[in-house]
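Protein sequence lines, in the order shown, are assigned to chains Z, S and R. Using the numbering used here, the letters of the first sequence map in sequence onto residues 70 to 264. Using the numbering used here, the letters of the second sequence map in sequence onto residues 82 to 328. Using the numbering used here, the letters of the third sequence map in sequence onto residues 9 to 478.
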Amino acid sequence: MNPARDEILQALRNNRPTPENHPLPPVRTLGDLDASRERFIASLKILGGDVLEPVEGETLDQAIARRHPDAKVICSNVPEARGTLPVEKVKTPQDAATIDVTVVRAPFGIAEMGSIFLSESQLPINSFAHLGQHIVVLLSPDSITANMHTAYQERPEFRSANYGVLMSGPSATADIQGVLIRGAQGVRSLSVWFA
Amino acid sequence: MKIGLFIPCYIDAFYPEAGIATLELLEKLGQDVEYPLDQTCCGQPMGNSGCNSDAAAAEALFVRNFAKYDKIVMPSGSCTHHVRDNFDAIPQTDEVRHVRENTYELVEFLHDILKVDAFPWAEFNHTVGLHNSCGTLRALRTASMSELGEKPFSKPMDLLSKVRGIRFVTPKRPDECCGFGGTFSVTEEAVSAKMGVDKVRDHYQAGADYIVSADSSCMMHQQGCAERAGVPIRFIHIAQILNGAAQ
Amino acid sequence: MSNKPVNHARAAEHFLEDAPHLQFHDERLWDMRQKRDAQMHILPEWQELREEASRIKEHTLSRLPEYLEQFEANAKKNGIHVHWARDGAEHNRIVGEILKAHNARNLIKSKSMVTEECDMRPYLAKQGVSVTETDLGERIQQLDDQLPSHIVVPAVHKLTSDVAKIFAKDYHTDPNIRDPHLLAEAQRQAARPVILHADAGMTGGNFVVAETGTFVVCTNEGNADLSATVPNLHIATIGIERLVPRMADLGVFIRLLSRSALGSPITQYTTHFRGPQKGGEMHVVLVDNGRSARLGMEDFWTSLKCIRCGACMNTCPVYRRSGGLSYGAVYSGPIGAIIDPTFNERKYSTLPYASTLNGSCTNVCPVKINIHEQLYKWRRVLVQHHEMPFVKREIMHMAGKLMGQPKLYRAAIKATEVSLGTMPRFVLYNWLNPWGKHRENPHPVKQTFNDWYRRNREKARPAAAPETKK
Ligand code: SF4
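In structure tokens, the structure reads:
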């Protein structure tokens, strides 16, 4: 018995407008359905994210070192990069705080927003995506969905993950006199590596 | 078609030339217009302040004055908005409904009903900024509003562009309310006056010599703000320009 | 809590006296409105999205009990503890108990308007819990002991110099810093250790999905994610109106929210919580606090569609020139003016009058709430409930009477006396004095239109009706 619950639900039942007058509209897919890598990149850049383009013959580790020359602790959760800190060392949420660059793979991206999705399936620990200073995200160009409608309708991850974040560029704020600052509380930069 | 002319109280008392221009213009366009002498007010001030029951006497008188006309025309967007959308302090009889459904703001009447395509007598050699009152913009919808991103249209502009010699400028925030707002102008006088002065400065900085509007109430407020702040800009009702104001 | 009506006009006058703050405030919010417009122009389907959003919300509200039950069942299945709070006090007690059970003394939280409604921070402080806001703007407001002045940008009424002063006190930074980057960095550095040592994290919830038991939190700083993923205890406080039926509905709302709010396509972080993280615990507190009663208000229930984007505030010419704090309430601006009176009719009786009824708010609202029409209707309700000041009420009463009697009216306004001095004294005092404070009065004229007509037209034709004859 939960009197608060019962009282709230009863009040809502008494007070609601006639349900028959407000049918649920069918799910719709509106807007631009272009799921191209080009659209994804353009959107990503609007939100302050960037693409990490390999210069000829470069490995991912080399590209990361080039992009983040001062990074000491690089921790990769993908086989494509080795990093400097074995990911097994990150056991508690706080452990991620010392990392300069985290490397992860996103199961999909959204062209409309330049967003990438991450969940506990891609992260050793959820804070991994946020406590590091920078993040490098691997994304297959084949797993870009067009827009928010297609993403929510098609991607099963939204229904299976306990924690699922769409990151669209790095952390940002404009709370002080309207000045846009990238790298507020979460990652200072977000780079996408297509692979 | 017999037209009843309604002249809002503030035009009657402070801007009779706008009323005269409205009447003369309709006459020039061959209309049969009458002005019932016993008119006062449409009830808007009372309605807008929430004192709806106090609007009943004005609304009843309005209906007594105008029920016999085919169309009721008034040089005021906000009064038209009241009659059309909020005029419910009195029982909604057939007469009341007839009045509400056949009330037009002057610009809509010229544009939509008479479909006037020329004002051969009109010439206005000035640079004007158009002020659409919020009533005309967002209630009567005589012009497109920036909030909706719709295809641009403007009935007052369509009419004004048929006037010889007239030039237009657009202020930076064309759709921003000027801050009159009826009783708001006194209960929130500081904000109201600030909005007013921002509005007239915006037009002045865009290069306007005149602000033209279909609503004298907005202009009464704007003029007061402009004069106090020393912004050298003049005001004219759209009816006066369309009627061939000689200024 | 005092019941005295908020004096919005007075507070606004005060706000207007500070030109630099005023100018920044107006321009910053106007810029957000313009960026919103730019996003709207990119999407030809904008109006369809608004219509969909409105219909989904209206549908959900009409079946709210069922969707809440569905959410609860699914959330529980996923291991979320679901609590129900009738009001702020109950909410605070529930949160306090959860924290106590975990012996949690340090709570980090992201922005949540519901916790402001509940006045939670002082309550927890008394329990010995230290609460740290992690959203930069909200943190600034917390340190300055002020309510958020805007629901999306809580410190938008402040300049860099104000923030520098506040941070100097608490973070020991240089009070003369004028570079916002340095101040934001100071916040990052100050917040990190607090985040790392927090015992519990709290977030709000922008959307709740009934069919999956998910709740969604949108931020730009990522501070909600830090609050929820670093400590192992996550409490989310969510208003019961936040539901949507289906996962797919989020497509509509996420596309509208940040575009309407800031003019950016999406918030940098859009996070879906469906269950506790490994080794963690998750609680959702569903808060009513007046919402179920509001649902029964025929003219006002659609205000529950609100997704708290703040677009109505950004576009409001009155809000931009009076500042959020002038509303003296948790919710300010147009949306505040239509929901605050449901919390306290007398105290917030002035807010529906802090508007020109221009209607811009209604037309930017992504869920199509008829805000300005509700403002109009609130005025009627307030007058019926005797919440209008006596003098104003009397003036309207007199004016209404006069307007119904043409002969008296004509006598009062006779051409020769149109000079303003003939009005009754108290009308003059209450109306024309404020008018003239920052404005010139209209100029007297030689004859009214009515006189002109009698002279120039009446002679030419017979009187229209016998009763118009003198
Ligand atoms: S009322 Fe509409 S515009 Fe205002 S905050 Fe709510 S959703 Fe946004």
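For every residue, glycine included, the Cβ atom is placed at its ideal position computed from N, Cα and C.
Given 8 Å as the limit, tell me if residue i has its C-beta closer than that to any heavy atom belonging to the ligand SF4.
i         : result
Val-375/R : yes
Pro-342/R : yes
Ile-245/Z : no
Ser-196/Z : no
Met-321/R : yes
Ile-185/Z : no
Ile-274/R : no
Val-338/R : no
Val-372/R : yes
Gly-318/R : yes
Ser-266/R : no
Lys-313/R : yes
Ile-102/R : no
Ile-379/R : yes
Leu-226/R : Note on identity: in this sequence residue 226/R is Cys, with Leu being the wrong assignment. Result no, Cβ not under 8 Å from the ligand SF4.
Ile-64/R  : no
Leu-369/R : One detail in the question is off: residue 369/R reads as Cys in this sequence, not Leu. Result yes, Cβ under 8 Å from the ligand SF4.
Ile-159/R : yes
Reducing DSSP to helix, strand and coil, say where residue i ends up.
i         : result
Ser-340/R : coil
Asn-449/R : coil
Arg-245/S : strand
Ser-427/R : A caution first: Ser-427/R carries a pLDDT of 43, below 50, which makes its placement in the model unreliable, though a value can still be read off. It is coil, neither helix nor strand.
Trp-202/S : coil
Asp-113/S : strand
Ser-70/R  : helix
Leu-264/R : helix
Lys-166/R : coil
Glu-308/S : helix
Arg-113/R : coil
Lys-286/R : coil
Asp-296/R : coil
Ile-88/S  : coil
Met-305/R : coil
Phe-383/R : The residue asked about is misnamed: residue 383/R is Leu in this sequence, not Phe. Of the three classes helix, strand and coil, the one that applies to Leu-383/R here is helix, per DSSP.
Leu-229/S : coil
Lys-84/R  : helix
Ala-111/Z : helix
Asp-244/Z : coil
Tyr-291/S : strand
Gly-260/S : coil
Leu-251/R : strand
Ile-246/R : strand
Measuring from the CB of residue i, is there a heavy atom of the ligand SAM at a distance below 8 Å?
i         : result
Asn-378/R : Questions concerning the ligand SAM fall outside what the structure shown contains, since the ligands it does hold are the ligand SF4.
Every unbroken alpha helix (DSSP H) inside the region 390–415 of chain R [4 residues or more]: Fully enclosed alpha helix (DSSP H) runs of 4 or longer: 398–411.
Residues of the region 13–43 of chain R with Cβ closer than 8 Å to any Cβ of chain Z, in chain order: Within the region 13–43 of chain R, the qualifying residues are Phe-32, Arg-36 and Asp-39.
Complete runs of the alpha helix (DSSP H) confined to the region 309–358 of chain R [at least 4 residues]: With a minimum length of 4 residues, the continuous alpha helix (DSSP H) runs that stay inside the region 309–358 of chain R are 319–323, 325–328 and 341–351.
Complete alpha helix (DSSP H) runs within the region 169–217 of chain R (minimum length 4 residues, chain order): When DSSP assignments are scanned along the region 169–217 of chain R, the uninterrupted stretches of alpha helix (DSSP H) that are 4 or more residues long and fall wholly within it turn out to be 188–204.
Secondary structure, alpha helix (DSSP H): runs of 4+ residues fully inside the region 142–225 of chain Z: 197–200 and 217–223, all fully within the region 142–225 of chain Z.
Positions along the region 326–344 of chain R whose CB lies within less than 7 Å of some CB in chain S: Correct list: Val-326, Arg-329 and Ser-330.
Near-chain R residues of the region 226–246 of chain S (beta-carbon distance less than 9 Å), N- to C-terminal order: Per Cβ criterion, the list reads Met-226, Ser-227, Glu-228, Leu-229, Gly-230 and Glu-231.
Length at least 4, wholly inside the region 152–201 of chain S: the alpha helix (DSSP H) runs in chain order: Entirely contained in the region 152–201 of chain S, the alpha helix (DSSP H) runs reaching 4 residues are, in chain order, 158–162 and 175–182.
Interfacial residues, the region 402–417 of chain R to chain S, with Cβ spacing under 7 Å: Cβ contacts with chain S: Met-404, His-405, Ala-407, Gly-408, Lys-409, Met-411, Gly-412, Pro-414 and Tyr-417.
Positions along the region 162–190 of chain R whose CB lies within less than 7 Å of some CB in chain Z: Result list: Ala-163, Leu-167, Thr-168, Val-171, Pro-188 and His-189.
Members of the region 156–173 of chain Z near chain R, C-beta cut-off 8 Å: Of all residues in the region 156–173 of chain Z, Pro-162, Gln-163 and Ala-166 have a Cβ within less than 8 Å of some Cβ in chain R.
Residues from the region 194–209 of chain Z in contact with chain R, defined by Cβ distance under 9 Å: From the region 194–209 of chain Z, only Ile-194, Asn-195, Ser-196, Phe-197, Ala-198, His-199 and Leu-200 have a Cβ closer than 9 Å to chain R.
Members of the region 71–82 of chain Z near chain R, C-beta cut-off 7 Å: Cβ contacts with chain R come from Asn-71, Ala-73, Arg-74, Glu-76, Ile-77, Leu-78, Ala-80, Leu-81 and Arg-82.
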